[in-house]
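Single-structure report; data block below.
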Amino acid sequence: MSVDAIGLSENLLKAVKNCGYKNLTPIQQQAIPAIRSGVDILASAQTGTGKTAAFSLPILDAVSGSSNTLQALILTPTRELAQQVGENITTYSEFLSISSGTIYGGVNMPAQTKMLKTGVNVLVATPGRLLEHMALRHVDLSHVKFLVLDEADRMLDMGFLTELERILAAIKQKHQTLMFSATFSNKVKLLAKQVLHTPKTIEVSKQNATSGKVKQSVYWVAEARKRELLSELIGVNNWKQVLVFAGTKESANILAKELKLDGIKAALCHGDISQGGRNKALEQFSEGKIRVLVATDVAARGLDIEDLPYVINFHLPFLAEDYVHRIGRTGRAGKSGTAISLVSPKDEKFLDNIEQLIGRTFERIIVPGYELNKSTPIIHQQEAQSEVVEKKSRYQVTQDKNQALAKKRSDSSNTPKKAAKKPLRSPKNAKGTIKQKRR
1 MSVDAIGLSE
11 NLLKAVKNCG
21 YKNLTPIQQQ
31 AIPAIRSGVD
41 ILASAQTGTG
51 KTAAFSLPIL
61 DAVSGSSNTL
71 QALILTPTRE
81 LAQQVGENIT
91 TYSEFLSISS
101 GTIYGGVNMP
111 AQTKMLKTGV
121 NVLVATPGRL
131 LEHMALRHVD
141 LSHVKFLVLD
151 EADRMLDMGF
161 LTELERILAA
171 IKQKHQTLMF
181 SATFSNKVKL
191 LAKQVLHTPK
201 TIEVSKQNAT
211 SGKVKQSVYW
221 VAEARKRELL
231 SELIGVNNWK
241 QVLVFAGTKE
251 SANILAKELK
261 LDGIKAALCH
271 GDISQGGRNK
281 ALEQFSEGKI
291 RVLVATDVAA
301 RGLDIEDLPY
311 VINFHLPFLA
321 EDYVHRIGRT
331 GRAGKSGTAI
341 SLVSPKDEKF
351 LDNIEQLIGR
361 TFERIIVPGY
371 ELNKSTPIIH
381 QQEAQSEVVE
391 KKSRYQVTQD
401 KNQALAKKRS
411 DSSNTPKKAA
421 KKPLRSPKNA
431 KGTIKQKRR
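Under UniProt numbering, the first residue of the sequence shown carries the number 1, and numbering increases by one thereafter.
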């Protein structure tokens, strides 16, 4: 269906066409007419299906810019997603006489406070920061006509149920509630019963399905050798723009550091990185200045990276549903992508849960030279140390050579000429000495 066929206002349609939109996605075809009819919505669609436009366009067409009252509130689980949705709202409303704003944690409040006191018609917010402003009486929800819970499943996974209940209690007048979720988990269904009134359910794809455009593979490897295999896969195949998911912030830090030692430019995206640092990392990643972005689930949710070709699960997620969210970063809007999971024997229970959820059994691929020792099915780091030393990847070999050459040049440059008769400086204290390769 063409974007011309849904009856958008002239100025809104102009902005949409400026974005290059020509046809509606399935979620947009179903959600936009339903939202216009005034009913509550419970919609499930995979990431990258155009759900932001699905709820934003009918809301922007209905909101009035004649006053500075807040009429539409959009809640998102993370700062990154709030930024993404806020930017989309700004783009879509370019030729409309309405105001919009975005508030989230991790940044100072004064600028947000000034914006809220000036007044906005559409507000995108994370629950925690919104409650902070509500407590200070910076925001008034009494005129809200539209409430959107974007990625409701993630908000529940992050423990925002109490915050959502407090926000809902502050919206006094009758309003239309729109819930969007990547999956229909039991928690999502329970929340829907609490906040939605006779909703229209929209599901444009198989529940918990992964995109058919994403090639999914599982590589069977010892836990201690995952990083080695990851470096080899990236280098041998010359992959660019690889989003790697780590299980924790600590493991993400270690992995990014080791990838850099392997000669692969990498950056971090997790909760301990400042907002400015995360924005810079994402910008460098999008521009191809770094090859790998190592992220955690919470930080990566909402990342909008156009044409992302590769997603790698260095650690499988604890929740099987998060696998769907992760690989939804690639293969978006009908484009192809590749998702690879590095799985060790200790991950097998998580892999079983994923296979059960998506209704698929993966072949376990074993790369030659990375076979597991059958007598020790789970190889811990110390036990595998000798094996790692025996078989180095091409990056380790290259790095050792580079370090040896650098040390040789350093020692040579620090050797005094005979005429000077100065004592030799210890290589240990010599400027430019290269640290020895870690084992």
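Backbone N, C-alpha and C define an ideal beta-carbon position, used for all residues, glycine too.
### Query
Which value, in whole angstroms, describes the spacing of the CA atoms of A62 and L123?
15 angstroms
### Query
alpha helix (DSSP H) containing V324: first to last residue?
Run containing V324: 320-327, per the alpha helix (DSSP H) assignment.
### Under the three-state DSSP convention, the category residue 479 falls into
A question about residue 479 goes unanswered here, because the residues of the chain that appear run from 1 up to 439.
### Query
Looking at D157 and L319, is the spacing between their C-beta atoms short of 8 angstroms?
yes
### Task
Within its chain, find whatever has a CB closer than 6 angstroms to the CB of A152; leave out the 5 residues flanking it on each side and keep chain order.
M179, S181, V188
### Query
Between K200 and A82, what straight-line distance do the alpha-carbon atoms span, to the nearest angstrom?
25 angstroms
### Query
With 16 as the cutoff for other CB atoms within 10 Å, does T126 come out buried or exposed?
buried
### Task
Indicate whether V120 and G101 have their beta-carbon atoms separated by less than 8 angstroms.
yes
#### Entry: Closest Cα partner of E232 within the set Y370, Q29, K14, I89
Y370
### Task
Consult DSSP for L178 and reduce its assignment to one of helix, strand or coil.
strand
### Query
Skipping 5 residues on each side, what residues in its chain have a beta carbon closer than 6 angstroms to that of M1?
The residues are L24, Q29.
### Message
For I273 and K280, what's the separation of their Cα atoms in angstroms?
### Response
11 angstroms
### Query
Quick one, which of Q84, T78, N88 has its alpha-carbon nearest I59's?
N88
### Query
Which two residues bound the contiguous alpha helix (DSSP H) that contains Q84?
Where Q84 is concerned, the enclosing alpha helix (DSSP H) stretches over 79-92.
### Message
Just to confirm the assignment, what range does the alpha helix (DSSP H) spanning T52 have?
### Response
Unbroken alpha helix (DSSP H) run through T52: 51-62.
### Message
If I follow the unbroken beta strand (DSSP E) through E203, where does it start and stop?
### Response
200-203
### Task
Check the C-beta distance from K289 over to D307 and give it rounded, since I have them as a contact under 8 angstroms.
So it is not a contact: roughly 16 angstroms between Cβ atoms.
### Message
Which same chain residues end up closer than 6 angstroms to A142 when comparing Cβ atoms and leaving out the 5 residues on each side of it in sequence?
### Response
Checking the sequence shown, residue 142 turns out to be Ser, not Ala. The residues are K172.
### Task
Compute the minimum distance between the beta carbon of F160 and the heavy atoms of the ligand PLP, and state whether it is under 7 angstroms.
The ligand PLP is not part of the structure shown, which contains no ligands of any sort.
### Message
Can you tell me whether Q381 is buried or exposed? The criterion is at least 16 other CB atoms within 10 Å of its CB, across all chains shown.
### Response
Only weak support exists for where Q381 lies, its pLDDT of 34 falling under 50; the coordinates are left without a value.
### Message
Please report the distance separating the alpha-carbon of K114 from that of V221.
### Response
53 angstroms
### Task
For D352, count neighbouring C-beta atoms within 10 Å of its own C-beta (all shown protein chains included) and say buried if the count is 16 or more, exposed if not.
exposed
### Query
Are L57 and I41 touching if we call contact CB-CB under 8 angstroms?
No, they are not a contact pair.
#### Entry: Element boundaries [alpha helix (DSSP H), containing N253]
249-261
### Query
Does the beta-carbon of V236 have 16 or more other beta-carbons within 10 angstroms, so that it is buried, or is it exposed?
exposed
### Query
Is L229 buried or exposed, if buried means 16 or more other CB atoms sit within 10 Å of its CB?
buried
### Task
Would you kindly work out how many angstroms separate the C-alpha atoms of A135 and D304, rounded to a whole number?
The alpha-carbon atoms of A135 and D304 are separated by roughly 31 angstroms.
#### Entry: Where N18 falls: helix, strand or coil (DSSP)
Here N18 sits in helix by DSSP.
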